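Protein chains in written order, with this note's numbering: chain A, 1 to 126; chain B, 1 to 361. Structure, as structure tokens:
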């Protein structure tokens, strides 16, 4: 009787520890899988960072650099350059960015918007 | 049920201690395993080479990683100042400004040029580093983009010929000349060559895993920090940047994709894209919409990507049959059929279910 209980104790204890280890593992796997983050990068520096959530309130702001400006809008889990005074307007034509890894570049203003979050690939060519 | 020797309260205590130790070992092993999954990483992103350059490295020592990144960025800036046609005193600008005469150049310029000429010869000029006059004429990707007249196009096209590039070594110095009126544009190879160079530099610094991304021209160094091969997405030709139609599992390999979607302008309903055909002096009329080349050397991947796009499907298939060391994935316009080289079968995975896959013979 006493012996059995002792064995059971050990088994329970080990099980508990294995569960704890598993929980730790899960937690580390899920660190950044919840939300997408949009980084606004100018001259290689992140000048603004915002979380993209499906139910987020819309926000609009302008990024300026040496007389060049880009109007950026984020709403409902997506983000886009909605207007700019660059000559080619590639950044505006790029449209809405949604998934992790998506990015829009405004070369004349050295600006990039990039969405990060969990992606199934390590990098994408373009 | 006799108590054998040792079944005393003292041994009970010992068992409890053993159990606790065992649990602790499992706990720490699990923790070590988890932290082993996620080594320290560091990242730099900057606007260089006319595009976005992003370097991500993984390792054990944050300071060493940061130093390696600083030096890599400095090296990219240095090489750009040698190769760029937009920098007035670069080696390439000096060669172009003095066409018809020999100009002394750095060893790096010589190396990239020699490789460019080699790739041009191999592709019979489908890739040509002397495309400069045609690039300048169209100005695609700049605010001067326009559709030139036929006579302008013919005049520019006549100047394109890689066989007129002379590389001359004399007492430890190197001199390069192009034909009168010719001009070099290394846009189709410089990024790849620089990616190779940065990968070598990072490796030298003991970096085991890195993604060198020079405007979508990717070199995946070593293996992924997760202990498997890197999974690289091939950009989807009809979807926005960041989306892919297939993924390849690779290690110590470069992947470069060329497509007509990246830089273009529209005039009277016609789209003029940036991949110029040296033989016509116009945007390539290719039946392909996307070409990816997978190669140990990013410079070759870069140059061949452009060349295969210009060649179109049939010529590319024939070329790849002759060069079995080159791995490629081609997407045909219209029906979106995907063609891959036989050796790619094991590591290539189509992720867009609407596309059909065919293995080249």
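C-beta atoms are modelled at their ideal positions from N, C-alpha and C, and glycine is treated no differently. This structure is a prediction, so every number in the text was calculated from the model and none was measured.
Nearest-angstrom beta carbon gap, residue j and residue i [assumed within contact, 8 angstroms]
i, j, result
"residue 362 of chain B", "residue 175 of chain B", "Coverage of chain B is limited to positions 1 through 361, which leaves residue 362 of chain B absent and any answer about it impossible."
"residue 47 of chain B", "residue 110 of chain A", "4 angstroms"
"residue 52 of chain A", "residue 78 of chain A", "7 angstroms"
"residue 62 of chain B", "residue 40 of chain B", "5 angstroms"
"residue 123 of chain A", "residue 213 of chain B", "6 angstroms"
"residue 181 of chain B", "residue 99 of chain B", "6 angstroms"
"residue 84 of chain B", "residue 133 of chain B", "The Cβ separation is near 17 angstroms, so there is no contact."
"residue 161 of chain B", "residue 179 of chain B", "7 angstroms"
"residue 269 of chain B", "residue 154 of chain B", "So it is not a contact: roughly 24 angstroms between Cβ atoms."
"residue 35 of chain A", "residue 117 of chain A", "7 angstroms"
"residue 307 of chain B", "residue 127 of chain B", "4 angstroms"
"residue 324 of chain B", "residue 313 of chain B", "That pair is no contact at about 18 angstroms."
"residue 141 of chain B", "residue 263 of chain B", "4 angstroms"
Cβ-based burial, residue i [other Cβ within 10 Å; buried from 16]
i, result
"residue 287 of chain B", "exposed"
"residue 66 of chain B", "exposed"
"residue 166 of chain B", "exposed"
"residue 236 of chain B", "buried"
"residue 25 of chain B", "exposed"
"residue 47 of chain A", "exposed"
"residue 61 of chain A", "exposed"
"residue 332 of chain B", "buried"
"residue 202 of chain B", "buried"
"residue 274 of chain B", "buried"
"residue 258 of chain B", "buried"
"residue 67 of chain A", "exposed"
"residue 373 of chain B", "It is not possible to answer for residue 373 of chain B, since the shown part of chain B is limited to 1 through 361."
"residue 87 of chain A", "exposed"
"residue 185 of chain B", "buried"
"residue 217 of chain B", "buried"
"residue 28 of chain B", "exposed"
Where the alpha helix (DSSP H) containing residue i begins and where it ends
i, result
"residue 138 of chain B", "132-138"
"residue 305 of chain B", "298-322"
"residue 347 of chain B", "Note, residue 347 of chain B: premise wrong, no alpha helix (DSSP H); not H, not E."
"residue 197 of chain B", "190-204"
"residue 262 of chain B", "Neither: residue 262 of chain B is in no alpha helix (DSSP H) and is coded neither H nor E."
"residue 111 of chain B", "107-122"
"residue 91 of chain B", "91-97"
"residue 114 of chain A", "It is not in any alpha helix (DSSP H) - residue 114 of chain A instead sits in the beta strand (DSSP E) that spans 111-116."
Simplified DSSP assignment, three categories, for residue i
i, result
"residue 102 of chain B", "coil"
"residue 362 of chain B", "Since the first and last residues shown for chain B are 1 and 361, residue 362 of chain B lies out of range."
"residue 58 of chain B", "strand"
"residue 31 of chain A", "Reliability fails at residue 31 of chain A, whose pLDDT of 43 lies under 50, so the model's placement of it is uncertain and no value is given."
"residue 162 of chain B", "helix"
"residue 45 of chain B", "strand"
"residue 43 of chain A", "coil"
"residue 270 of chain B", "strand"
"residue 336 of chain B", "coil"
"residue 245 of chain B", "strand"
"residue 10 of chain A", "helix"
"residue 142 of chain B", "coil"
"residue 120 of chain A", "coil"
"residue 127 of chain B", "coil"
"residue 186 of chain B", "coil"
"residue 360 of chain B", "coil"
"residue 354 of chain B", "coil"
"residue 168 of chain B", "strand"
"residue 25 of chain B", "helix"
Partners in chain E for residue i, counting only beta-carbon separations shorter than 8 angstroms
i, result
"residue 75 of chain B", "Given the protein chain composition of this structure (A and B), no chain E is represented."
Length of the line joining the Cα atoms of residue i and residue j
i, j, result
"residue 117 of chain B", "residue 260 of chain B", "24 angstroms"
"residue 244 of chain B", "residue 97 of chain A", "14 angstroms"
"residue 31 of chain A", "residue 345 of chain B", "With a pLDDT of only 43 at residue 31 of chain A, under 50, the local geometry of the prediction cannot be trusted, and the value read off the model is given with reservation. Each residue's Cα considered, the two are about 34 angstroms apart."
"residue 38 of chain A", "residue 340 of chain B", "34 angstroms"
"residue 16 of chain A", "residue 126 of chain A", "48 angstroms"
"residue 292 of chain B", "residue 55 of chain B", "21 angstroms"
"residue 108 of chain B", "residue 79 of chain B", "8 angstroms"
"residue 234 of chain B", "residue 255 of chain B", "8 angstroms"
"residue 223 of chain B", "residue 209 of chain B", "6 angstroms"
"residue 97 of chain B", "residue 87 of chain B", "12 angstroms"
"residue 227 of chain B", "residue 59 of chain B", "13 angstroms"
"residue 110 of chain B", "residue 299 of chain B", "14 angstroms"
"residue 21 of chain B", "residue 30 of chain B", "14 angstroms"
Residue span of the beta strand (DSSP E) that contains residue i, given as start and end
i, result
"residue 175 of chain B", "173-177"
"residue 259 of chain B", "253-259"
"residue 82 of chain A", "78-84"
"residue 93 of chain A", "Where residue 93 of chain A is concerned, there is no enclosing beta strand (DSSP E), although the alpha helix (DSSP H) it sits in stretches over 90-93."
"residue 220 of chain B", "217-221"
"residue 214 of chain B", "209-214"
"residue 289 of chain B", "288-295"
"residue 72 of chain A", "68-75"
"residue 104 of chain A", "103-106"
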